[in-house]
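Residue numbers (the working numbering), protein chains in the order written: chain A, 1 to 403; chain B, 404 to 806. Quick notes on the structure that follows.
There are 2 protein chains.
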Amino acid sequence: MNENPGTEAFASHSARLAQIANPKSEIVHYGDDDPLPLDCGVKLAPFSIAYQTYGTLNAAKTNAVLVCHALTGDQHVANEHPVTGKSGWWETMVGPGKPIDTNRYFVICPNVIGGCMGSTGPASTDPATGKPYGLDFPVITIRDMVRAQARLLDHLGIPDLLCVLGGSMGGMQVLEWAATYKDRVYAAVPIACAARHSSQNIAFHEVGRQAVMADPDWCQGRYIDEGKSPRKGLAVARMAAHITYLSDETLHRKFGRNLQDREKVTFGFDADFQVESYLRHQGVSFVDRFDANSYLYITRAMDYFDLAADHGGVLANAFTGTATRFCLVSFTSDWLFPTEESREVVHALNAVAANVSFVEIETDKGHDAFLLEEPELLATIGGFVSAAALKRGVALSGEGELP
Amino acid sequence: MNENPGTEAFASHSARLAQIANPKSEIVHYGDDDPLPLDCGVKLAPFSIAYQTYGTLNAAKTNAVLVCHALTGDQHVANEHPVTGKSGWWETMVGPGKPIDTNRYFVICPNVIGGCMGSTGPASTDPATGKPYGLDFPVITIRDMVRAQARLLDHLGIPDLLCVLGGSMGGMQVLEWAATYKDRVYAAVPIACAARHSSQNIAFHEVGRQAVMADPDWCQGRYIDEGKSPRKGLAVARMAAHITYLSDETLHRKFGRNLQDREKVTFGFDADFQVESYLRHQGVSFVDRFDANSYLYITRAMDYFDLAADHGGVLANAFTGTATRFCLVSFTSDWLFPTEESREVVHALNAVAANVSFVEIETDKGHDAFLLEEPELLATIGGFVSAAALKRGVALSGEGELP
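What follows is the structure, given as structure tokens:
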């Protein structure tokens, strides 16, 4: 990793900072008189939510689908990313004719509170100081993220959701939605997630946070003010996390022990192996698009997530009386959120006689499978959401409700 | 992790540096006329090997047992550590009346070349400059470590070994011994290891190295000269690595989501969870006893290990004609060196009709199980080595050969 980022990196750094205050997205602002109450006790005000929408809300308002993004995701689920120029992070899933068909559904994807693409987070300006919050930003939870999303639905005049879906941290938000806003969720699709963050996952997050905080350019969280950026620390954090998103099998299949543009090892510390080169690239490109403090806050929100603990220690209590239709999905080679953790949620849902289906998909692609062109995933979710829509009387694609 | 290490940390820092040039161990020096040829092409001279011995070599010289240490181990296998004051790292296995019974066997444990406890490594003085080598130290391999150990046996007048054993990187050395010095190894016990380092393991090592090299106090490897120490970077590296030594189940059983000395989460970035506190402690205490550049070099040696590649791409070729008796051990919950990798070695040994036994031990303790009080491990190895000794005519404990 280069100590001095090049011109290109500085350009994307500026592009990224610009998205914090003036995102290339819809944005809704809430004033001092309209705070967001947080689990930590703080009332956050003012605050903003940046979001993207796709498709059209029908007259009956029955076709709204909320997509919740993962740790390092954002609202740009199905359009070109304003910083990286890359296509949306879930274009296999969301778009015209896709499983989440934007010709049929009205899709909303907000940036989470604590994020760095326009929703209020640690890089936003603290009205008390006129400077970026840094560590003065209150610690947020998955429930706080979901509370903010419910406020966004109010703003959009949407009483309830046909479906809320997401993978990884997105799946945690789906579970929280189903528990906290039972009447507003017709169908829920938590993918590759868990009802609580495991000890091993907390451990990996802590390594990432320590890597960021060990970087002197982190400046105790005040790096934006200081004109610096903890690039090396955040890159190391991303590298460690990235390994957990892939399976051992994927790494073996994609890279094995193949060398990078060389015939022999160099007996040095260059990236001799393809897997080293790949990881370094993952680290470096991540820092061009993400805020280091947001990384601290969002990982912390995941660590704190424990739905059973919030409901008297019994997970089933979180879902008592639910009428939501659930479809859970896990992947055989996902070791970050193993199938067993989805199964625990299924057991809890069974205990309250909920309407639940569960699919474990056979793949060697690890946790990342939820983001990939995985035919069984696309077919499962497309079918499940379409069935829920039919049951609810939402018109088929191309019929009726389109403008 | 505290930015300014306290008095205690400085004391152990000095104690650690003292062990580099003047270890509290036996040491053998080789002069300029007696270099160690390395795989990278360099002839290392002068060089030293620091080692511990336990027990007595019998007159027939048939009872020598070589213990090979793992990545962050050293020669203090069964005595108090001169820096930490803790007991030896394998006292469950090695000592009077233990499975590797020092009343019966003459046990030798050398510090590896590239290490930092008296054997020549990157913290040693480079004769060309009078300063520590730093990154001018040549990159070493597992075979180089083993070559140095063979030289030590020559020095001790030991023609061959009753047994060579070790876990993790120690197990890699055992395999290398069996391949390179077939006539000098009567029995071999590779534990929790593999014949080549996997893509995922290279990836984790690369994260650790990048964490060290990202620390400005690493000073491009010249930190000793500069009176600095990349404490934060090395601690992050250790934290990431430490997760891989434990299983998900162990972390869940030991820590779960338990909080550290508090009733509620603090909505901050302190170590709220026990697993965070534990990991931070692992990181901080490691830097008091280990050299950061040694960490780079030894992880690299493991990455480069690929016994099949060194033998025409066919692992069995490494063992052609072997008369060594093998006992391989793996652990069900070890995801760093999964059972499958031991099984590949067994298949290769079967292909050359070697004398091999293989035990997969059921445990939830992960890779670290090889260092722990694991009854089946101790019984397996004690029985195997004793049977080999009997076959070779080594007197029983307490008989004949004792002084």
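The beta carbon of each residue, even a glycine, is placed where N, CA and C say it ideally should be.
About 5 Å separates the beta carbon of B/C566 from that of B/V788, a gap short enough to meet the 8 Å contact definition.
Among the CB atoms of chain A, one or more fall inside 9 Å of the CB of B/Q613. Against chain A, a Cβ distance below 7 Å from B/A606 picks out I243, L251, V275, L279. Counted as a single uninterrupted DSSP element, the alpha helix (DSSP H) harbouring B/S680 occupies residues 677-690.
DSSP, reduced to helix, strand and coil, places A/P216 within a helical segment of the structure shown.
In this structure the segment 282-293 of chain A does not lie against the segment 200-209 of chain A, because fewer than three pairs of beta carbons, one per stretch, are closer than 8 Å.
Between the segment 538-556 of chain B and the segment 430-450 of chain B, the count of C-beta pairs closer than 8 Å reaches three or more; the two stretches touch. Judged by their CB atoms, A/D248 and B/W738 are nearer to each other than the 9 Å cut-off. In this structure B/N466 is in contact with B/V797, their Cβ atoms being roughly 5 Å apart against a cut-off of 8 Å. Unbroken alpha helix (DSSP H) stretches of 4 residues or longer found wholly inside the segment 558-610 of chain B: 572-583, given in chain order. Using a Cβ-Cβ cut-off of 9 Å, A/Q149 is close to nothing in chain B; its nearest Cβ partner there is about 20 Å away.
Here A/A59 is exposed. Its C-beta has fewer than 16 other C-beta atoms within 10 Å.
The C-beta of B/Q623 has fewer than 16 other C-beta atoms within 10 Å across all chains shown, which makes the residue exposed.
A/E340 and A/V329 have their C-alpha atoms roughly 11 Å apart. Under the Cβ distance rule, A/Q260 does not count among the residues neighbouring chain B, no pair being separated by less than 9 Å.
By the CB criterion at 9 Å, A/I224 and A/P132 fall inside the cutoff.
Between B/T669 and B/H770, the gap from beta carbon to beta carbon reaches 9 Å or more. Counting along the chain, the unbroken beta strand (DSSP E) around A/T53 starts and ends at 47-54.
For B/I784, the enclosing alpha helix (DSSP H) has its first and last residue at 778-795. Under the Cβ criterion of 9 Å, A/W335 is counted among the residues facing chain B.
Think of a sphere of 7 Å around the beta carbon of A/G121: no beta carbon from chain B falls inside it, the nearest being about 15 Å out. For A/H29, the pairing in a beta bridge is given by DSSP as A/S48. Between A/A194 and A/F337, the beta carbon gap of about 5 Å places them in contact (Cβ cut-off 8 Å). Around the beta-carbon of A/D272, 16 or more other beta-carbon atoms lie within 10 Å, marking it buried.
Out of A/P216, A/A241, A/T180, A/M93, the CA that lies nearest to the CA of A/E226 is found in A/P216. Runs of the alpha helix (DSSP H) lying entirely within the segment 289-315 of chain A and spanning at least 4 residues, in chain order: 292-304.
Here A/R300 is buried, its C-beta having at least 16 other C-beta atoms within 10 Å. B/R641: member of the alpha helix (DSSP H) spanning 634-648, first to last residue. In the three-state reduction of the DSSP assignment, B/T528 falls in the strand class, which pools E and B. For the options A/F319, A/Y105, A/I381, the alpha carbon positioned closest to that of A/L307 is the one of A/F319. By alpha-carbon distance to B/C519, the top candidate from B/K635, B/F672, B/L474 is B/L474. In this structure B/G636 touches A/A214 by the C-beta definition: roughly 6 Å separates them, less than 8 Å. Closest in alpha carbon position to B/Q677, among B/F693, B/F658, B/K667, is B/F658. The alpha-carbon of A/F204 is positioned some 14 Å away from that of A/Y304. A contact is defined here as three or more CB-CB pairs under 8 Å, and the segment 12-25 of chain A meets this definition with respect to the segment 46-57 of chain A. Taking C-beta separations shorter than 6 Å and ignoring five residues to either side along the sequence, the partners of A/H69 in its chain run G170, following chain order.
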